[in-house]
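> The letter at position 119 of the sequence shown is residue 105 when you use the numbering used here, and the numbering goes up by one with no holes.
No residue lacks a Cβ here, since even glycine has one placed at the ideal position from N, Cα and C.
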Amino acid sequence: PANGPAQRQLLADGEIDIAISFTPGEASGAIAQGLLPASVRTFVLDGGTIGNTHFVAIPFNARAKEGAQVLANFLLSPQAQARKQDPAYWGDFTVLDVTALEPTERHYFETLDLGVATLSPAQLGTSLPEPHPSWMEGIEQTWLARYASGQ
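Here's what the structure looks like:
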């Protein structure tokens, strides 16, 4: 498929049996929006699953470094991270160690409805690291040779 939404549509139409996402809450959000059937569920492969990390960078020559730092700090706040984890908005799990938060901040995460299709962080387990960038060309060539030919 050309992109994530196209892949999700193929799943919704029953054209494929599995779709891949780096966002644990994506399926629950799509079910709530009527984009996927209620039977869709998230799972983890027996050997583990690759995870993904998001980064916020402030260029060395940014004109408003202080403002960018304020924004970066906000994005890491428990309130913003809880909103990010809510499947109604994004469904991507927090980068924070929830056990290290104050009880009032931990409450945001403990009471959050992850949705019918979303596994808990404990069920997801520790993510496997992404393959080294130097592997990309070989993986892509093998993938295309094996799957793009329609065999």
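#1: Helix or strand or just coil, what does DSSP make of I125?
#2: Which same chain residues end up closer than 6 Å to Q67 when comparing Cβ atoms and leaving out the 5 residues on each side of it in sequence?
#3: If distances are taken between C-alpha atoms only, which option among T35, A(-12), S14, A43 comes closest to E116?
#4: Taking just the CA atoms, how far does R69 sit from L61?
#5: Mind checking which residues open and close the alpha helix (DSSP H) that includes H203?
#6: Around the C-beta of R(-6), are 16 or more other C-beta atoms found within 10 angstroms, so that it is buried, or is it exposed?
#7: Please list the segments of the alpha helix (DSSP H) lying wholly inside the segment -7 to 44, counting only runs of 4 or more residues, in order along the chain.
#8: Does the contact criterion of 3 or more C-beta pairs under 8 Å hold for the segment 23 to 31 versus the segment 91 to 105?
#9: Quick check on the burial criterion: 16 or more other C-beta atoms within 10 angstroms. Buried or exposed for T85?
#10: Per DSSP, which one or two residues make a beta bridge with L114?
#11: According to the Cβ coordinates, are P73 and G37 closer than 8 Å?
#12: Expressed to the nearest angstrom, what Euclidean distance is found between the alpha-carbon atoms of A134 and G20?
#13: Straight-line CA distance for P45 to L57?
Taking the coordinates as given:
#1: For this step, residue 125 is matched to residue 139 along the sequence shown. Here I125 sits in helix by DSSP.
#2: Residue numbering aside, residue 67 sits at position 81 when the sequence shown is read from its first letter. For Q67, where only same-chain residues beyond five positions count, the Cβ hits under 6 Å are T80, L82.
#3: Counting from one through the sequence shown, the residue named residue 116 turns up at place 130. Closest option to E116, Cα to Cα, is T35.
#4: Translated into positions along the sequence shown, residue 61 becomes position 75. Translated into positions along the sequence shown, residue 69 becomes position 83. Going by the C-alpha atoms only, they are around 10 Å apart.
#5: An answer regarding residue 203 cannot be provided, because it is not within the stretch -13 to 137 covered by the chain.
#6: Mapped onto the sequence shown, residue -6 falls at position 8. Buried.
#7: 12 to 18
#8: yes
#9: Against the sequence shown, residue 85 aligns to sequence position 99. Flag for T85 reads exposed.
#10: On the sequence shown, position 128 is the one that residue 114 refers to. Beta-bridge pairing links L114 to I36.
#11: For the purposes of this step, residue 73 is taken as the residue at position 87 of the sequence shown. For the purposes of this step, residue 37 is taken as the residue at position 51 of the sequence shown. No, these two residues do not count as a Cβ contact at 8 Å.
#12: Stepping through the sequence shown from its first residue, residue 134 is reached at position 148. Stepping through the sequence shown from its first residue, residue 20 is reached at position 34. One C-alpha to the other measures close to 30 Å.
#13: Taking the sequence shown and counting its residues from 1, one reaches residue 45 at position 59. Taking the sequence shown and counting its residues from 1, one reaches residue 57 at position 71. Using only the alpha carbons, I get a separation of about 14 Å.
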